[in-house]
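Protein chains: 2
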Amino acid sequence: MNTTIAPQQLVEQLTWRYATKQFDPARKISDRDWAALEQALILSPSSCGLQPWHFIVVNDPAVRARLKPASWGQSQITDAARLVVLASKTNVNESDVDALMRRQVEVRGGTVEALKGYRDMIMGAIVKGMDAPARLAWAKNQTFIALGYLLAAAAALGIDACPMEGFEPAKYDEILGLTAKGLTASVVATLGYRAATDKNAGLAKVRFPRGHVLTEI
Amino acid sequence: MNTTIAPQQLVEQLTWRYATKQFDPARKISDRDWAALEQALILSPSSCGLQPWHFIVVNDPAVRARLKPASWGQSQITDAARLVVLASKTNVNESDVDALMRRQVEVRGGTVEALKGYRDMIMGAIVKGMDAPARLAWAKNQTFIALGYLLAAAAALGIDACPMEGFEPAKYDEILGLTAKGLTASVVATLGYRAATDKNAGLAKVRFPRGHVLTEI
């Protein structure tokens, strides 16, 4: 079965999306749509396939209420149907690489020993090849791939979203207990459906002209 | 017209994609598909809408040949139908913010003066609120959103892609003349169609189980 999507259809959906400022708090995302958005997160590509992230889906209204003041009081934190905190691993290390090797053997068969070359490559490029701040920066970059993947997926499905960097990561880490788990909050995505009163929905999208952001050589 | 995409169709396409190691050098991307992929780049969301990036589409085979040794000799650099270098602004500053203000007035009307509150917010959060390394890290994060957006779009259209971090940014910056333009190469995307001989196409995707990367609270 051909499940590819027509280019014009995709562009329509990417044009339709906008950073939703007001969500309709009464409208939920269907289980079917949400399962697809979770899959977008889980299937996101990452360098070396290391997936140096963890996604915290915050459903508990009490926790959302605590996150709101740590997010400049923005209403999306409590009003959106879903709130995802995209966290990054603060210290990607040998055990993460070994977990990936074991997972690959689980999924594809073979032995961990046969993956030695692949393991050595990742250890050299990421774990030994970077100091701790560079490894965290690398993990954050990967986490933003997952954000892009999630936002494109939401747009494709016709689900509104607002990516949010306006929050205090240290407070998020404390409220969600991330530090002890070797994680830090990198970016937030709220998802749901726009409120009828969100005036931003009707505004033209502001993007620089093609020539300003793209060069062909 | 409803142009939303069914969740199962999207998941099929995201599952279909893989990091293509061998492209069919004879197969090109249609103009219609490529225009949609360019739109995915141009429409990518970014914090404050600042778009702190530049996309260099390298078509010149001579330039591609020079980039290949700076990319661990990987064949995708010369064989893929398209090569995009996603570059980030190294010093996002006041003039970038002003360019966005002018663009917003162009697109939506109004005056730059009326945008003072928005301008002050961006200046405070990004330009004055971060030192130079933090601003570059921030710009790189945004650039990885665009990468995720591009990769999801390519998967949706049934176009193969390989995101690549295995290259020497300093050499890319030199070969492409990026430094003088206040840019640095952050990540590379090669796009086209898989070669029939690429054994990676048939391998099961290796992702950690849901519970390993996602927690609901």
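In order, the protein sequence lines correspond to chains W and C.
To convert a position in the first sequence, counted from 1, into our numbering, add 173.
To convert a position in the second sequence, counted from 1, into our numbering, add 173.
The C-beta atom is built at its ideal place from N, Cα and C for all residues, glycine as well.
Minimum C-alpha distance to residue i - residue among the options
i	options	result
C/I299	C/A238, C/V231, C/P225 and C/K354	C/P225
W/A235	W/G222, W/I250 and W/Q277	W/I250
C/Y191	C/L349, C/T388 and C/I332	C/I332
W/V184	C/K344, C/T388, C/P336 and C/L323	C/L323
W/T176	C/A329, C/G384, C/G355 and C/R383	C/A329
W/A199	W/E267, W/D252 and W/S268	W/D252
W/A343	W/C335, W/S359 and W/T363	W/S359
C/T363	C/F196, C/D346, C/V285 and C/L376	C/F196
W/P304	W/N314, W/T284 and W/N266	Going by the sequence as given, residue 304 of chain W is Asp instead of Pro. Taking only the C-alpha atoms, the option nearest W/D304 is W/N266.
C/F381	W/G283, W/Q212 and W/P306	W/Q212
C/M337	W/R237, W/L214, W/S219 and W/P306	W/S219
C/C221	C/G290, C/A334, C/T388 and C/G355	C/G290
C/L214	C/S203, C/T316 and C/A377	C/T316
Separation of residue j from residue i, as counted between CA atoms
i	j	result
W/A353	C/L240	42 Å
C/V386	W/V278	18 Å
W/M296	C/A374	25 Å
C/L320	C/W311	15 Å
C/V270	C/R292	7 Å
W/G365	W/R255	6 Å
W/I348	C/W207	44 Å
W/L351	C/G384	16 Å
C/Y345	W/R275	35 Å
C/F203	W/A179	Per the sequence shown, the amino acid found at residue 203 of chain C is Ser instead of Phe. One C-alpha to the other measures close to 12 Å.
W/R281	C/A377	6 Å
C/Q186	C/C335	15 Å
C/M294	C/K301	10 Å
W/P306	C/G283	43 Å
W/E389	W/V285	43 Å
C/D233	C/G246	17 Å
C/G355	C/S268	12 Å
Cβ-based burial, residue i [other Cβ within 10 Å; buried from 16]
i	result
C/Q181	exposed
C/V137	What the structure shows of chain C is the stretch from 174 to 390, and residue 137 of chain C is not part of that stretch, so it cannot be assessed.
C/H227	buried
C/L210	buried
W/A325	buried
C/I318	buried
W/A368	buried
W/I229	buried
C/P242	exposed
C/R308	buried
W/K262	buried
C/L288	buried
C/A146	Outside the shown range of chain C, which is 174 to 390, sits residue 146 of chain C, and nothing can be said about it.
Supposed contact pair residue j and residue i - C-beta distance, whole angstroms, cut 8 Å
i	j	result
C/D371	C/K201	So it is not a contact: roughly 17 Å between Cβ atoms.
W/S244	W/F340	4 Å
C/L273	C/L216	Not really, about 15 Å apart at Cβ, beyond 8 Å.
C/A260	C/T357	6 Å
C/V361	C/V258	6 Å
C/N314	W/N314	6 Å
Amino acids of chain C, ordered along the chain, whose beta-carbon sits closer than 8 Å to that of residue i
i	result
W/G246	Result: empty, since nearest Cβ-Cβ is about 14 Å, beyond 8 Å.
W/A253	Those within 8 Å of W/A253 in chain C number zero; the least Cβ separation is about 15 Å.
W/A310	A310 and K313
Where residue i meets chain C, residues with beta-carbon distance less than 7 Å
i	result
W/R205	P180
W/D233	I390
W/G331	T177
W/K241	Ordered by position in chain C, no residue passes the 7 Å Cβ test against W/K241, which lies about 15 Å from the chain.
W/A377	V280 and R281
W/A192	P218
Per-residue contacts from residue i into chain W (C-beta, under 9 Å)
i	result
C/G297	What C/G297 touches in chain W: nothing, since even the nearest Cβ is about 11 Å away.
C/F381	I215, Q224, A272, L273 and R276
C/A208	P180 and V184
C/V236	I390
Contact set between residue i and chain C, taken where Cβ atoms lie within less than 9 Å
i	result
W/S268	Near W/S268 there are no residues of chain C at all, since even the closest Cβ is about 13 Å away, more than 9 Å.
W/T188	Q212 and L216
W/Y366	Within 9 Å Cβ-Cβ: nothing; W/Y366 doesn't reach chain C, min ~12 Å.
W/L324	S217, P218, I318, G321, Y322 and A325
Per-residue contacts from residue i into chain W (C-beta, under 7 Å)
i	result
C/Q229	The identity of residue 229 of chain C in the sequence shown is Ile, whereas the question assumes Gln. The answer, in chain order, is T388 and I390.
C/N314	K313, N314 and F317
C/E185	T176
Open item on the list: Output needed in chain order: residues of the region 337 to 349 of chain C with a Cβ under 7 Å from some Cβ in chain A.
Closed with: Going by chain labels, chain A is absent from the structure shown, which instead holds the protein chains W and C.
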